[in-house]
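Asker: Chains A and B, in that order, give the protein sequences.
Quick note on our numbering: the first sequence kicks off at 3 and runs consecutively.
Quick note on our numbering: the second sequence kicks off at -2 and runs consecutively.
The beta-carbon is built from N, C-alpha and C at its ideal position, and this holds for glycine as well.
This structure is in structure tokens; I'll ask about it shortly.
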Amino acid sequence: MRVLGIETSCDDTATAVVESGRRVLSSVSTNQDEFHAKYGGIVPEVASRQHVALLSAAVEDALARAQTPLESVDAIAVTYGPGLIGSLVVGVASAKALAFATGKPLHAVNHLHGHVFAPFLDREEDPPYPFLALLVSGGHSQLVDVRSADEMTIVGRTHDDAAGEAYDKTARLLGLGFPGGPLLDKLAQQGDPQAYAFPRYRPAPGSFDLSFSGLKTAVRYFLESPEGAEAPPEDVAASFQAAVVDALISRVDAAMQARPYRALVLSGGVAANSALQRAVREWSERNNVPAFIPPPKYCTDNAAMIAAAAYHQRAFTRVDPLTLGADPNLKFELLSP
Amino acid sequence: MRVLALDGALGDFTVAVHQGGAVRSRASRPPQRALEEGLSAVAEALSDATLDGPALARIAVGIGPGSFTGLRIAVSYAKSLATAWRVPLSGISLFDALDFNVDRHPRLTVVSARRGVVSVRYTDGGPSWRASGQSSAVLDDLLRRVEGTPFWVVNAPEDVLGALAERVEFVRTAQSPTPPIAAIAAIATQRAPAASPHEVRADYGELLPARPPAPR
């Protein structure tokens, strides 16, 4: 079973062909960073215009790389939310028109569910159910209880900024470029993570929720202080990163103690962060629970994970209608429009 | 030539099948339903013309300027349909569609992008001049350029006509005898298609996607 995946929820124009929900035959992603860099962040209208310009060629490119003509694809999967409405519209319209023209089944996928299935790609062994998924990206930070492919519940979430958002904002405070997360990660590798004790949010007992706005504000006040003005940026970056990773790992630890899981999955753009990956692997070894972390190309937004989610969640038993719309505020629990 | 024409930038999402110099079938949906119901309009127009997609010789799409969202949806549909059916795609400027068979010079063709914002093209038979923005600012700029030369106005909405009337002694209007969707199809039969569907680009006028931040 070969699924053509299309992902345009934010600023990556991504397409892929995936076989049986695991084997990636092609994965194409046209990153728009250079178009957004001059604005210091993602501009929704820029992203949407780029998707219109690039998507059809990206579809053809993914099919060519997979040596799979459109006629040989078994289904078309597309992200229909959550995300930027102007971006989602382009992917949904394109995918629906392909399904209409070919008669192939259409599968609407929740972008966040896609991240849950990223660790299934290009590996011999699937994460065993039930597993705990830590989804961390520029738009989301949550802990998800995954009982099966179509039974997932958020057990912890951020009250304010997502982890990736905190990274980007802190990177801006440090005068780094865009996108800030990877640049801050790189800078932090040269710094002392214990140089400054930035605050860690501690939720009420029994809660696995997160918060990063206090941390971000603390960094800002620190940088505005006389001590902060003299502080080596690499130490600030490393100390900030240590606070984020501490918060995430402590929440994973608490959730794992509250309920037994057979594996830990780390996914989302921030999953590519070196310190977080190291901390997750250390936690995994300490607790003898296997950790599944996708390679960096599947941590960030990609279409292979969307094709994989469609395969695992639907197993081709359900087809979505060509009246599908886009839902920028799509709830996590909603499986289908 | 059998042409499937699509437009989403001028208001309703509109589809027509054009053959032998005439529209054989036509379907439309309200602009706010273009994403959900646009393909049912395509299916309806093809069915009414008793045609299958692959039997088309050409797909033509209005590339703007006009409503951003409607434009994106129509262009996305058109590119995917052309790719899947392997039918050549033509992108047609909506200025050309609105001007189709209008033999008046000089003339100003107006497209409303959204409330109070317009894209215009002025031509006196030579090189044309284009601008987009708040209608009052665009008209002031235009009138400075034409220096009192009278011109015809094509497709101007009421508010633009009103604003013009406040600025010039009289306003002469002209209208294409051909509906825009039929003009899109007809123009496509007269021009070579894009070398590839991927080359068709949306035209957002001179409206920037965002204002770059001021230097600190």
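#1: For the region 104 to 116 of chain B, which residues have a CB atom closer than 7 Å to at least one CB atom of chain A, in sequence order?
#2: Using a Cβ-Cβ cutoff of less than 8 Å, which residues in the same chain neighbour Leu57/A once the five nearest sequence positions on both sides are dropped?
#3: Once the 5 residues before and after Lys171/A are set aside, which same chain residues still bring their CB inside 8 Å of it?
#4: So what's Ile308/A in DSSP terms, helix, strand or just coil?
#5: Below 8 Å on the Cβ atoms is my guess for Pro130/A versus Arg264/A; work out the distance and round it to an integer in Å.
#6: Residues of chain B with CB closer than 8 Å to the CB of Glu62/A, please, in chain order.
#7: Does DSSP put Ile181/B in a helix, a strand or coil?
#8: If you measure between the beta carbons of Asp329/A and Tyr82/A, is that distance less than 9 Å?
#9: I want to verify the contact list: residues of chain B whose CB lies under 7 Å from the CB of Lys98/A, in sequence order.
#10: Relative to the C-alpha of Ile308/A, which residue among Phe122/A, Val254/A, Glu47/A is closest?
#11: Who pairs with Thr319/A in a beta bridge, going by DSSP?
#12: Among the candidates Leu136/B, Ser129/B, Gly88/B, Ala81/B, whose CA atom is the shortest distance from the CA of Val72/B?
#13: Do Ala77/A and Pro107/A have their C-beta atoms closer together than 9 Å?
#14: Report yes or no: is there a C-beta of chain A within less than 9 Å of the C-beta of Gly159/B?
#15: Step through the CB atoms of chain B and report whether any lies within less than 9 Å of the CB of Val1/A.
#16: CB of Leu332/A to nearest heavy atom of the ligand MG: below 8 Å?
#17: Just checking: is the beta-carbon of Ser73/B within a distance shorter than 9 Å of some beta-carbon in chain A?
#18: Starting from Gln16/B, trace the beta strand (DSSP E) in both directions and tell me its first and last residue.
#19: Between Arg69/B and chain A, is the shortest Cβ-Cβ distance under 9 Å, so that the two count as touching?
#20: Among Asn112/A, Val5/A, Met3/A, which has the Cα closest to the Cα of Leu332/A?
#21: Looking at chain A, is there any beta carbon in it that lies within less than 9 Å of the beta carbon of Leu32/B?
#22: How big is the Cα-Cα spacing for Thr47/B and Glu47/A?
#23: Closest by CA to Tyr201/B, which one among Pro62/B, Val20/B, Thr80/B?
#24: From Leu139/B to Met(-2)/B, what does the alpha carbon distance come to, in whole angstroms?
#25: Taking Ile60/B and Gly35/B to be in contact with their CB atoms under 8 Å, please state how far apart those CB atoms are, rounded to whole angstroms.
#26: Could you compute how far the alpha carbon of Arg101/B sits from the alpha carbon of Glu62/A?
#27: Rounded to whole angstroms, what is the Cα-Cα separation between Arg142/B and Ala128/B?
#28: Would you say Phe92/B reaches chain A, if we count a Cβ-Cβ gap shorter than 9 Å as a contact?
#29: Of all the residues that make up the region 175 to 200 of chain B, which are near chain A by a beta-carbon distance shorter than 7 Å?
#30: Alpha carbon to alpha carbon, how far is Ala239/A from Gln315/A?
#31: What ranges does the beta strand (DSSP E) occupy inside the region 60 to 121 of chain A, keeping only unbroken runs of at least 3 residues that lie completely in it?
#32: Ser58/A touches chain B at which residues, Cβ-Cβ below 7 Å?
#33: Scan the region 261 to 278 of chain A for residues whose Cβ lies nearer than 8 Å to a Cβ of chain B and list them as they occur along the chain.
#34: Provide the residue(s) that pair with Gln243/A in DSSP beta bridges, ordered along the chain.
#35: Just reading off the beta strand (DSSP E) that Gln131/B is part of, what are its end residues?
#36: Check the C-beta distance from Gly166/A over to Val138/A and give it rounded, since I have them as a contact under 8 Å.
Answerer: Judging by the given coordinates:
#1: none
#2: Ile8, Thr10, Thr15, Thr17, Val92, Gly93, Ser96
#3: Asp163, Gly182, Lys218
#4: helix
#5: 4 Å
#6: Thr80, His195
#7: helix
#8: yes
#9: Leu36
#10: Phe122/A
#11: Thr319/A pairs with nothing; no bridge assigned.
#12: Gly88/B
#13: yes
#14: no
#15: Lying outside 3 to 339, the shown extent of chain A, residue 1/A is not represented and no answer is given.
#16: Ligands in the displayed structure: none, and consequently the ligand MG is not present.
#17: yes
#18: 10 to 16
#19: yes
#20: Asn112/A
#21: yes
#22: Straight through space, the alpha carbons of Glu47/A and Thr47/B are spaced by roughly 38 Å.
#23: Minimum Cα distance to Tyr201/B is reached at Pro62/B.
#24: 39 Å
#25: No, Ile60/B and Gly35/B are not in contact; Cβ-Cβ is about 16 Å, not under 8 Å.
#26: 43 Å
#27: 12 Å
#28: no
#29: Pro194, His195, Arg198, Ala199
#30: 39 Å
#31: 77 to 83, 108 to 112
#32: Lys76, Ser77, Thr80, Pro194, His195
#33: none
#34: According to DSSP, which records beta bridges pairwise, Gln243/A is partnered with nothing at all.
#35: 126 to 131
#36: 7 Å
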